[in-house]
Structure formats: structure tokens, C-alpha cells
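Numbering of the sequence shown is given in the working numbering, commencing with residue 35 and proceeding in unit increments.
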Amino acid sequence: MESKRAWDDASSPVYFDAEELARTLKDRGFVVECIRRSKEENLFKGQKGAAWYKTDLGVFKVWFLPERENFSGCKLSIKQKGTAGTSIPSEDGRE
Numbered sequence: 035m036e037s038k039r040a041w042d043d044a045s046s047p048v049y050f051d052a053e054e055l056a057r058t059l060k061d062r063g064f065v066v067e068c069i070r071r072s073k074e075e076n077l078f079k080g081q082k083g084a085a086w087y088k089t090d091l092g093v094f095k096v097w098f099l100p101e102r103e104n105f106s107g108c109k110l111s112i113k114q115k116g117t118a119g120t121s122i123p124s125e126d127g128r129e
């Protein structure tokens, strides 16, 4: 319940961005069941924040950048860890 209160107080730096994305997803037929702050909201320098979504099709995280930024210079590498398939992203491709 603590994470719901933390989201509902709109203190996340990406609260309004995340809510806008949720509206877009809903307009395209997704059922957005839940949005929360993500533990990855300070994953790399220059990141505005991150949000965790639960939809009718699964769970995913979104990283947000400031409005005029993009991910064009970001090299992403996924490292598989453990048998559950947990992945760990790396900003610069290091494993």
C-alpha cells in the first residue's frame, strides 16, 4: 500500500509523463491496471525518472528522459541473471 500512496501523491518526477503514457495505452486498447514508481528511476545520468506499469498484457517499466532528449546515444546491453530470466540493463553496454 505504501507504493500506491507514493504514486498517488504525485511526487514522482515523471508522474504526469507516466499518466499521459497510460492514457495513450488506454486509447490503444490496453487495460492499465496500475502505475508505480520504478526502482530504476535513477538508473543513469540524465534520466528524468521511470515508472512501473501493470497492464492486462503484462508488467513493464518505462524510462523517461527530459523532453528534448532521446535515447539515440544510449547503448543498451541485457545480461541474463539466474534461472528466472531476470535481466539487468546497462547504460553503456557493460556486463
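The beta-carbon is built from N, C-alpha and C at its ideal position, and this holds for glycine as well. It should be emphasised that the depicted structure is a prediction, and the values quoted were computed from it without experimental measurement.
A check of alpha carbon separations from K82 across K73, A56, K88, K60 identifies K73 as the nearest.
Exposure of F50 is indicated by the presence of fewer than 16 other C-beta atoms within 10 angstroms of its C-beta. In this chain, the beta strand (DSSP E) harbouring K88 covers 83-89. Nearest to G63 by alpha-carbon distance, out of L91, S45, A85, N76, is L91. Note on S46: 16 or more other CB atoms within 10 angstroms of its CB, so buried under the neighbour-count rule.
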